[in-house]
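Peer 1: Can you read through this structure? Questions will come right after.
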Amino acid sequence: MKRIIFLLLICLFSVSAHAQKFEQLAQTPPMGWNSWNKFGCNVNEQLIRETADAIVSSGMKDAGYTYVNIDDCWHGQRDARGFIQPDAKRFPSGIKALADYIHSKGLKLGIYSDAGWKTCGGYPGSRGHEYQDALTYAEWGVDYLKYDWCNTEALNAEGAYLTMRNALYAAGRPIVFSICEWGSNKPWDWAGKIGHLWRTTGDIYNCFDCIKDHGTWKQNGVVQILDMQKGLREHAGPGHWNDPDMLEVGNGMSTSEDRAHFSMWCMLAAPLIAGNDLRSMSAETKEILTNREVIAVNQDPLGIEAFQYSAKDGVEVWFKPLKDGDWAVAFLNRSTSARKISFDWKNELVSDSLSKREARFDTTTYALRDLWTRRDAGTTARTLSAEIPPHDILMLRLKKM
Ligand code: GLA
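So for the sequence shown, my numbering puts the first residue at 3; every next one is plus one.
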């Protein structure tokens with residue numbers, strides 16, 4: 003009997019030893035770039051190499067961007083034994099050579115697959131080939147996998163993502179696992195043990211305030227996605243992040259809108275995956291993507307998402323608890339006209355039950371730092387007065403004096 007119990011324990015132990023995700027890979031929200039938002043299916047090895055070069059030369063690497071992620075449509079066919087091959091025309095040197103190049107720049111490579119039979123773009127999915135694909139990615143030197151949810155009829159989401167998590171773990175190479183099932187099956191309830199980030203919504207659309215209706219599916223603008231994050235902050239933290247989708251900064255919105263979009267993704271502790279053409283971006287776009295003080299809010303080690311404190315007349319006020327008792331505060335003007343704000347700190351009581359943090363401006367004075375002008379901006383002893391342009395934001399960091 004003792005021997006049977008012992009064997010059972012060994013079995014249980016060895017199953018659980020394999021049934022894990024890689025820990026410590028995304029203690030702060032992942033930062034990088036992905037091909038989809040700008041290039042769609044137009045991917046090839048030259049684009050990926052040039053993008054890696056641009057991440058370094060633009061200063062994005064120094065600002066924290068690490069992952070260079072190829073999205074859909076890199077695939078060729080499976081070989082006779084079922085191993086996936088890259089499209090030989092788009093990636094003639096193969097993915098391993100690309101990974102070597104990217105690693106030589108001190109960056110990491112991400113790839114894309116799908117839990118179903120086919121990807122959203124109609125290329126071979128990983129269904130039935132999970133362990134084989136995980137092994138292939140590990141051999142190629144891949145560091146990040148975005149795993150989509152098209153063509154998954156009759157599959158159970160948690161089970162399907164669990165299978166790929168276990169396959170990645172068995173393959174042995176630490177790979178960030180990005181769950182992309184669009185929030186359809188409430189991944190925030192189950193994905194924390196499976197992946198490092200999970201999409202909370204359908205695809206972003208490159209607009210500040212609109213919905214793009216495709217009939218059977220919809221894409222959402224920046225503020226629509228923002229509204230869908232309500233009630234999710236308690237599920238995120240170091241190693242497991244809500245993902246409100248990749249950035250559209252530099253893809254055509256106004257500078258104000260790009261700044262507001264980027265700021266709110268930082269307030270939300272969202273993954274910062276740029277989605278523009280890094281080889282030809284404007285000075286304004288680069289300035290937004292590399293603002294280190296704003297990025298520091300996103301990468302704060304506490305990993306606590308902001309919460310909405312108030313919403314009035316088109317202006318939302320959001321607070322995010324930061325390390326050392328600091329706070330980030332954002333005044334987001336969602337309206338299409340300028341808004342004057344007057345915020346008398348000592349009349350506000352900011353209390354966050356999730357982080358158990360409170361800001362008492364009547365008893366404590368904080369120094370203010372404007373994170374976009376990068377200037378000190380007085381203290382909370384005086385009423386804050388400002389005018390915020392339409393679709394723009396005022397973002398401050400508060401430090402106890
Ligand atoms: C889905 C995902 C997108 C992108 C495309 C690729 O729509 O949500 O982010 O990966 O598939 O086909």
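For each residue, glycine too, the CB sits at the ideal point set by N, CA and C.
1. Helix, strand or coil, according to DSSP, for Leu-10 in the structure here?
2. Alpha carbon to alpha carbon, how far is Pro-31 from Leu-249?
3. Classify Phe-363: buried if its beta carbon has 16 or more other beta carbons within 10 angstroms, exposed otherwise.
4. Between Arg-201 and the ligand GLA, is there a pair consisting of the residue's CB and a ligand heavy atom that are separated by less than 8 Å?
5. Can you tell me whether Leu-10 is buried or exposed? The criterion is at least 16 other CB atoms within 10 Å of its CB, across all chains shown.
6. Per DSSP, Ala-469 is paired with what?
7. For Glu-389, count neighbouring C-beta atoms within 10 Å of its own C-beta (all shown protein chains included) and say buried if the count is 16 or more, exposed if not.
8. Taking the CB atoms as reference points, tell me whether Val-70 and Ile-57 lie closer together than 9 Å.
9. Taking the beta strand (DSSP E) that Glu-360 belongs to, which residues open and close that run?
10. Using only the alpha-carbon positions, how far apart do His-198 and Met-62 sit?
11. Does the stretch 322-333 come into contact with the stretch 257-277, if we say contact requires no fewer than three beta-carbon pairs (one atom in each stretch) closer than 8 Å?
12. May I ask which residues mark the beginning and end of the alpha helix (DSSP H) holding Ala-169?
13. Between Thr-338, Asp-354, Ala-379 and Ile-181, which lies nearest to Ser-115 when the distance is taken from Cα to Cα?
14. Could you please give the first and the last residue of the uninterrupted alpha helix (DSSP H) stretch that includes Lys-98?
15. Quick check on DSSP: helix, strand or coil for Phe-210?
16. Leu-370 to Asn-349, Cα distance in whole Å?
17. From Leu-400 to Leu-234, what distance separates their C-alpha atoms?
18. What is the DSSP secondary structure of Val-296, reduced to helix, strand or coil?
19. How close, in whole Å, do the beta carbons of Gly-185 and Thr-165 come, if the pair is a contact with beta carbons under 8 Å?
Peer 2: According to the structure shown:
1. Your numbering for residue 10 matches position 8 in the sequence shown. Legend: pLDDT at Leu-10 = 49, less than 50; position of this residue unreliable, value from coordinates given subsequently. DSSP places Leu-10 in helix when its eight states are reduced to three.
2. In the sequence shown, the residue the question calls residue 31 occupies position 29. In the sequence shown, the residue the question calls residue 249 occupies position 247. Cα to Cα, Pro-31 sits roughly 13 Å from Leu-249.
3. Working through the sequence shown from its first residue, we reach residue 363 at position 361. Looking at its Cβ environment, which holds 16 or more other Cβ atoms inside 10 Å, Phe-363 is buried.
4. As a working mapping, residue 201 is identified with position 199 in the sequence shown. Yes.
5. Taking the sequence shown and counting its residues from 1, one reaches residue 10 at position 8. Caution applies to Leu-10, whose pLDDT of 49 falls short of 50 and renders its modelled position unreliable; the model cannot decide the point.
6. Since the first residue of the chain shown is 3 and the last is 403, residue 469 is not available in this structure.
7. One-based indexing of the sequence shown puts residue 389 at position 387. Its Cβ having fewer than 16 others within 10 Å, Glu-389 is exposed.
8. Taking the sequence shown and counting its residues from 1, one reaches residue 70 at position 68. Taking the sequence shown and counting its residues from 1, one reaches residue 57 at position 55. Cβ atoms of Val-70 and Ile-57: closer than 9 Å.
9. Locating residue 360 in the sequence shown gives position 358, where the first residue counts as 1. Where Glu-360 is concerned, the enclosing beta strand (DSSP E) stretches over 359-362.
10. The sequence position of residue 198 within the sequence shown is 196, counting from 1. The sequence position of residue 62 within the sequence shown is 60, counting from 1. Whole-angstrom Cα-Cα distance: 22 Å.
11. Contact between the stretch 322-333 and the stretch 257-277 is present, because at least three Cβ pairs lie under 8 Å.
12. In the sequence shown, residue 169 corresponds to position 167, counting from 1. Looking at the DSSP string, the run of the alpha helix (DSSP H) that includes Ala-169 is 159-173.
13. Here residue 115 refers to the residue found at position 113 when the sequence shown is read from its first residue. Closest option to Ser-115, Cα to Cα, is Ile-181.
14. In the sequence shown, counting from the first residue as 1, residue 98 sits at position 96. Segment 96-106, the alpha helix (DSSP H) holding Lys-98.
15. Position 208 of the sequence shown, counting from 1, holds the residue named residue 210. Coil, per DSSP.
16. For the purposes of this step, residue 370 is identified with residue 368 of the sequence shown, where counting begins at 1. For the purposes of this step, residue 349 is identified with residue 347 of the sequence shown, where counting begins at 1. Each residue's alpha carbon lies about 17 Å from the other.
17. The sequence position of residue 400 within the sequence shown is 398, counting from 1. The sequence position of residue 234 within the sequence shown is 232, counting from 1. One Cα belongs to Leu-400, the other to Leu-234, and the distance between them is close to 24 Å.
18. On the sequence shown, position 294 is the one that residue 296 refers to. Helix.
19. Counted from its first residue, the sequence shown places residue 185 at position 183. Counted from its first residue, the sequence shown places residue 165 at position 163. Their Cβ separation, rounded to whole angstroms, is 20 Å, which puts Gly-185 and Thr-165 out of contact at 8 Å.
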